[in-house]
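First the structure, in the form of structure tokens, and then the observations on it.
Numbering (the working numbering), first residue to last: 11 to 89.
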């Protein structure tokens, strides 16, 4: 009877120990999920990628995002 009680107590403690080991893994997983979702929600709307926008709006948006070096690079690629 006493050995069964001890075994049951050991099993309960083992079960609690496993729960503690899973807890950090779950927390890390949730943290990664939260970070990924935050990036998606914070993503900036880019008009130049939206085919529903008029061409002139898309061009103005893209040109405002490009640096001078990028604009020069595009001009030097013309053949």
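Just so you know, even glycine gets a beta-carbon here, dropped at the ideal spot from N, CA and C.
Between residue 57 and residue 67, the C-beta gap is smaller than 8 Å, which places the two residues in contact. Apart from sequence neighbours up to five positions away, no residue of its chain approaches residue 43 with a beta-carbon distance below 7 Å. Between the C-alpha atoms of residue 54 and residue 45 there is a straight-line separation of about 16 Å.
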